[in-house]
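First residue of the sequence shown: 1385, per the working numbering; consecutive thereafter. Note that CB positions come from ideal geometry on N, CA and C, so glycine has one too.
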Amino acid sequence: MQRRSAIKNLALTIGGTIVLPAWANAWSKETLQNGTFKITYAEGTLLAEIVETIIPKTDTPGAKELGADKFILKMVADCYDKKSQDIFAKGLVLVDELSKKENGKTFVESDSKQRLEVLKKMSTSQNSEEKGFLQLVKGLTIDGYLVSEYVMTNLRIFEMVPGRYHGCVPIKK
């Protein structure tokens, strides 16, 4: 009976050593591209400027520099249904339209103060599509910023075991 278990475990081990490296090599930038959800280069640039307006560069890198726009695209492509993806794509168009209406130029061509005013106007808008889009982008921008390598390694303090253990402490009553 032990011989059968040993042969079975040996077969699983050999199979695993053959299959796992091929599986791990399949995880590359090229294979992790967005599936059906695509946006144009201009929309990608617009999204990058939106996230940079939400979290601008100061003494720390901005959201654009840390790739929050790419995080948003990946999340929308992989984690949202078709209806939400359409709302997201329509929201990008709404941002540009509102910017043209308010400033006479596209969001990308506007300066930082004008961009901020456009986003403020969207956040107080009665239009649920504008407000919903901005809430979605703000939330994903913050998530993408906080999980970036820079923030996780340089700004967050990691404690292996939170809290302190003080073994020998005098007790007062």
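Report task. Decide if the stretch 1547-1555 is in contact with the stretch 1497-1509; the criterion is three or more beta carbon pairs, one per stretch, under 8 Å apart. Result -> No: fewer than three Cβ pairs fall under 8 Å.
Requested in this report: My understanding is that isoleucine 1434 touches glycine 1528, with C-beta atoms under 8 Å, so please give their C-beta distance in whole angstroms.
Outcome: In the sequence shown, counting from the first residue as 1, residue 1434 sits at position 50. In the sequence shown, counting from the first residue as 1, residue 1528 sits at position 144. Not confirmed; about 12 Å, so no contact.
Query raised in the report: Of the residues Ser1494, Lys1474 and Cys1463, which one's Cα is nearest the Cα of threonine 1424?
Result: As a working mapping, residue 1424 is identified with position 40 in the sequence shown. Closest by alpha carbon: Lys1474.
Query raised in the report: If you draw a straight line from the C-alpha of alanine 1452 to the C-alpha of arginine 1388, how long is it?
Result: Locating residue 1452 in the sequence shown gives position 68, counting from the first residue. Locating residue 1388 in the sequence shown gives position 4, counting from the first residue. It is roughly 52 Å from the alpha-carbon of alanine 1452 to the alpha-carbon of arginine 1388.
Query raised in the report: Which residue comes first and which comes last in the alpha helix (DSSP H) that contains serine 1389?
Result: Residue numbering aside, residue 1389 sits at position 5 when the sequence shown is read from its first letter. DSSP places serine 1389 in the uninterrupted alpha helix (DSSP H) bounded by 1386-1409.
Query raised in the report: Hey, out of Leu1396, Met1544 and Leu1430, whose CA is closest to serine 1496's CA?
Result: In the sequence shown, the residue the question calls residue 1496 occupies position 112. Out of Leu1396, Met1544 and Leu1430, the CA that lies nearest to the CA of serine 1496 is found in Leu1430.
Report task. Can you have a look at isoleucine 1439 and say buried or exposed, based on whether 16 or more other CB atoms are within 10 angstroms of its CB? Result -> The residue given as residue 1439 occupies position 55 in the sequence shown. Around the beta carbon of isoleucine 1439, a 10 Å sphere encloses 16 or more other beta carbons of the protein chains shown; the residue is thus reported as buried.
Query raised in the report: In whole angstroms, what is the alpha-carbon distance linking serine 1468 and valine 1460?
Result: On the sequence shown, residue 1468 is found 84 positions in, with the first residue counted as 1. On the sequence shown, residue 1460 is found 76 positions in, with the first residue counted as 1. For serine 1468 and valine 1460, the distance between alpha carbons rounds to 8 Å.
**Report entry** Continuous alpha helix (DSSP H) stretch holding alanine 1432: start and end
**Finding:** For this step, residue 1432 is matched to residue 48 along the sequence shown. Counting along the chain, the alpha helix (DSSP H) containing alanine 1432 begins and ends at 1425-1438.
Query raised in the report: Can isoleucine 1471 and glycine 1516 be called in contact, C-beta distance under 9 Å?
Result: As a first step, residue 1471 is located in the sequence shown; it is residue number 87 there, counting from the start. As a first step, residue 1516 is located in the sequence shown; it is residue number 132 there, counting from the start. Their beta carbons are under 9 Å apart, which means isoleucine 1471 touches glycine 1516 by this criterion.
Query raised in the report: Per DSSP, what kind of secondary structure is glutamate 1493 in: helix, strand or coil?
Result: Here residue 1493 refers to the residue found at position 109 of the sequence shown. Residue state, collapsed to three classes: coil.
Query raised in the report: Cα separation between alanine 1408 and glycine 1399?
Result: Within the sequence shown, numbered from 1, the residue matching residue 1408 stands at position 24. Within the sequence shown, numbered from 1, the residue matching residue 1399 stands at position 15. Alanine 1408 and glycine 1399 have their C-alpha atoms some 14 Å from each other.
Query raised in the report: What did DSSP end up calling threonine 1442 once you bin it into helix, strand or coil?
Result: What you label residue 1442 is simply residue 58 of the sequence shown in a count that begins at 1. The three-state secondary structure of threonine 1442, taken from DSSP, is coil.
**Report entry** Alpha-carbon spacing of isoleucine 1402 relative to leucine 1396, whole angstroms
**Finding:** For this step, residue 1402 is matched to residue 18 along the sequence shown. For this step, residue 1396 is matched to residue 12 along the sequence shown. If you take the alpha carbons of isoleucine 1402 and leucine 1396, they lie about 10 Å apart.
Query raised in the report: In the structure shown, what three-state DSSP assignment does threonine 1525 receive?
Result: Here residue 1525 corresponds to residue number 141 of the sequence shown, with the count starting at 1. In the structure shown, the three-state DSSP call for threonine 1525 is helix.
Requested in this report: Between the Cα of isoleucine 1526 and those of Gly1446, Asn1511 and Thr1420, spot the shortest distance and give me the residue it belongs to.
Outcome: Indexing the sequence shown from 1 puts residue 1526 at position 142. When each option's Cα is compared against that of isoleucine 1526, the closest is Gly1446.
**Report entry** From Cys1463, Tyr1534 and Phe1491, residue whose alpha carbon lies closest to that of leucine 1476
**Finding:** Here residue 1476 corresponds to residue number 92 of the sequence shown, with the count starting at 1. Between leucine 1476 and the set Cys1463, Tyr1534 and Phe1491, the nearest pair of CA atoms involves Phe1491.
Query - Beta-carbon proximity list for leucine 1482, same chain, < 6 Å, skipping 5 on both sides - result: Against the sequence shown, residue 1482 aligns to sequence position 98. Within the same chain, leucine 1482 has close Cβ partners Val1502.
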